[in-house]
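Participant: Got a structure for you, questions after.
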Amino acid sequence: ETGVTQSPTHLIKTRGQQVTLRCSSQSGHNTVSWYQQALGQGPQFIFQYYREEENGRGNFPPRFSGLQFPNYSSELNVNALELDDSALYLCASSAVPGQGKGGDTQYFGPGTRLTVL
Amino acid sequence: KQEVTQIPAALSVPEGENLVLNCSFTDSAIYNLQWFRQDPGKGLTSLLLIQSSQREQTSGRLNASLDKSSGRSTLYIAASQPGDSATYLCARGGAAGNKLTFGGGTRVLVKP
Chain F
7 ETGVTQSPTH LIKTRGQQVT LRCSSQSGHN TVSWYQQALG QGPQFIFQYY
57 REEENGRGNF PPRFSGLQFP NYSSELNVNA LELDDSALYL CASSAVPGQG
107 KGGDTQYFGP GTRLTVL
Chain W
108 KQEVTQIPAA LSVPEGENLV LNCSFTDSAI YNLQWFRQDP GKGLTSLLLI
158 QSSQREQTSG RLNASLDKSS GRSTLYIAAS QPGDSATYLC ARGGAAGNKL
208 TFGGGTRVLV KP
């Protein structure tokens with residue numbers, strides 16, 4: 007059973023550019039959530055995808071968008087990058103929401119460190 | 108507004124001492140409470156998940172309790188080891204399987 011993987015590991019962009027981050031969910035999981043973690047803070051929920059549809063969104067502007075593919079992998083796209091977008095971006099996968107008995111446990115990938123200059 | 112707070116922000120203990128980490132949340136309509144460990148610059152490792160119907164969960168040296176009425180969860184780590192040094196985060200699960208709301212974390216240093 008493979009865990010959650012993310013690519014790339016590190017990324018440096020300049021203000022105004024666009025970036026795409028990728029995530030492969032853990033085997034058997036069809037739900038993917040994205041979080042942004044600024045240095046020294048807890049992660050903040052960006053959005054969640056379940057069966058290729060957005061299933062909840064946090065307080066992030068529309069320039070943060072996402073996709074989920076039929077194999078349940080996912081992309082996070084950020085347009086018009088700002089300096090404050092510099093953070094660790096975490097992807098988490100889980101089984102069907104609401105299954106209980108551990109089905110809600112979210113398993114996190116290693117993250118992508120984005121630096122915006 | 109749903110908020111999750113972890114106090115203290117940092118903690119230093121000698122090896123062998125028991126660790127007690129606190130987490131408080133403002134909304135008692137909690138779905139579940141999850142504890143994570145994060146090593147510097149790394150992702151999150153799930154430690155324990157407590158469903159709203161449960162009072163505690165145990166795994167090895169770790170025990171987590173949940174008191175919805177007081178809005179608190181506590182993570183106990185028995186007989187701490189230097190390898191337990193990390194940041195510990197708690198997260199409140201809202202609607203079924205939906206977003207996690209995280210606390211700011213407690214950074215733990217276990218001194219040999």
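Protein chains in written order, with our numbering: chain F, 7 to 123; chain W, 108 to 219.
Where a beta carbon is used, it is the ideal one built from N, C-alpha and C, also for glycine.
Please read these numbers as outputs of a predicted model, since none were measured by experiment.
For Ser-13/F, I'd like the list of residues in its chain whose CB is within less than 6 Å of its CB, leaving aside the five on either flank, ordered along the chain.
Facilitator: Residue 13/F sits at position 7 when you count from the first residue of the first sequence. Cβ within range, chain order: Arg-28.
Participant: Output yes or no for whether 8 Å exceeds the beta carbon distance between Leu-126/W and Trp-142/W.
Facilitator: In the second sequence, residue 126/W corresponds to position 19, counting from 1. In the second sequence, residue 142/W corresponds to position 35, counting from 1. No.
Participant: Which residues of chain A have a Cβ atom closer than 8 Å to the Cβ of Leu-128/W, listed in chain order?
Facilitator: In the structure shown, chain A does not exist; the protein chains are F and W.
Participant: What did DSSP end up calling Leu-94/F once you bin it into helix, strand or coil?
Facilitator: Counting from 1 along the first sequence, the entry for residue 94/F is found at position 88. DSSP places Leu-94/F in strand when its eight states are reduced to three.
Participant: Which residue's Cα is closest to the Cα of Phe-209/W: Ser-180/W, Asn-170/W and Leu-169/W?
Facilitator: The residue you call residue 209/W lines up with position 102 of the second sequence. It is Ser-180/W.
Participant: Which one of Leu-207/W, Thr-213/W, Pro-121/W and Val-120/W has the shortest CA to CA distance from Leu-156/W?
Facilitator: As a position in the second sequence, residue 156/W is number 49, starting the count at 1. Taking only the C-alpha atoms, the option nearest Leu-156/W is Leu-207/W.
Participant: Considering only C-alpha positions, which residue in the set Thr-118/F, Ser-92/F, Val-25/F and Leu-89/F is nearest to Ala-98/F?
Facilitator: Along the first sequence, read from residue 1 onward, the residue named residue 98/F stands at position 92. Closest by alpha carbon: Thr-118/F.
Participant: Quick one: Cα of Leu-94/F to Cα of Ile-18/F, how far?
Facilitator: Within the first sequence, numbered from 1, the residue matching residue 94/F stands at position 88. Within the first sequence, numbered from 1, the residue matching residue 18/F stands at position 12. Going from the Cα of Leu-94/F to the Cα of Ile-18/F covers about 12 Å.
Participant: Can you grab the Cα-Cα spacing for the pair Val-215/W / Ala-117/W, in whole Å?
Facilitator: By one-based count along the second sequence, residue 215/W stands at place 108. By one-based count along the second sequence, residue 117/W stands at place 10. Near 6 Å, if we compare the C-alpha coordinates of Ala-117/W and Val-215/W.
Participant: Let me confirm a value: Gly-108/F is counted as buried when at least 16 other C-beta atoms fall within 10 Å, else exposed. Which label applies?
Facilitator: Sequence index remark: in the first sequence, residue 108/F carries index 102 (1-based). The pLDDT assigned to Gly-108/F is 47, lower than 50, so where the model puts this residue is not dependable; a value taken from the coordinates is nonetheless given after this. Exposed, because fewer than 16 other Cβ atoms sit within 10 Å of the Cβ of Gly-108/F.
Participant: Can you tell which of Gln-43/F, Leu-73/F and Glu-60/F has its C-alpha closest to the C-alpha of Gly-211/W?
Facilitator: To locate residue 211/W, count along the second sequence from 1; it is residue 104. If we check each option's Cα against that of Gly-211/W, Gln-43/F comes out closest.
Participant: Would you kindly work out how many angstroms separate the C-alpha atoms of Pro-189/W and Lys-149/W, rounded to a whole number?
Facilitator: As a working mapping, residue 189/W is identified with position 82 in the second sequence. As a working mapping, residue 149/W is identified with position 42 in the second sequence. Cα to Cα, Pro-189/W sits roughly 18 Å from Lys-149/W.
Participant: So the beta strand (DSSP E) Arg-179/W belongs to, where does it begin and stop?
Facilitator: The count along the second sequence starts at 1 and reaches residue 179/W at position 72. Run containing Arg-179/W: 179-184, per the beta strand (DSSP E) assignment.
Participant: Does the region 35-54 of chain F come within contact of the region 78-91 of chain F, defined as at least 3 CB pairs closer than 8 Å?
Facilitator: These segments touch.
Participant: Extract the residue ranges of the beta strand (DSSP E) inside the region 22-82 of chain F, only unbroken runs of 3 or more that lie entirely within it.
Facilitator: With a minimum length of 3 residues, the continuous beta strand (DSSP E) runs that stay inside the region 22-82 of chain F are 25-30, 37-43, 50-56, 59-63 and 70-74.
Participant: Ignoring anything shorter than 3 residues, give me the beta strand (DSSP E) runs that lie fully in the region 112-152 of chain W, in order along the chain.
Facilitator: With a minimum length of 3 residues, the continuous beta strand (DSSP E) runs that stay inside the region 112-152 of chain W are 117-121, 126-132 and 139-145.
Participant: Take Asp-146/W as the anchor and find which of Ser-177/W, Ala-193/W and Leu-169/W has the nearest alpha-carbon.
Facilitator: The residue given as residue 146/W occupies position 39 in the second sequence. Among Ser-177/W, Ala-193/W and Leu-169/W, the Cα nearest to that of Asp-146/W is on Ala-193/W.
Participant: Please list the terminal residues of the continuous beta strand (DSSP E) segment that includes Gly-12/F.
Facilitator: Here residue 12/F refers to the residue found at position 6 of the first sequence. Gly is not the amino acid found at residue 12/F; the sequence shown has Gln there. It spans 11-13 - the beta strand (DSSP E) in which Gln-12/F sits, taken as one unbroken run.
Participant: Does any residue of chain F bring its CB to less than 8 Å from the CB of Lys-149/W?
Facilitator: Here residue 149/W refers to the residue found at position 42 of the second sequence. Yes, Lys-149/W counts as interfacial toward chain F.
Participant: Using alpha carbons as the reference points, say which of Ser-187/W, Ser-159/W, Gln-158/W and Ser-160/W lies closest to Arg-168/W.
Facilitator: Residue numbering aside, residue 168/W sits at position 61 when the second sequence is read from its first letter. Comparing Cα-Cα distances from Arg-168/W to each of Ser-187/W, Ser-159/W, Gln-158/W and Ser-160/W, the minimum goes to Ser-187/W.
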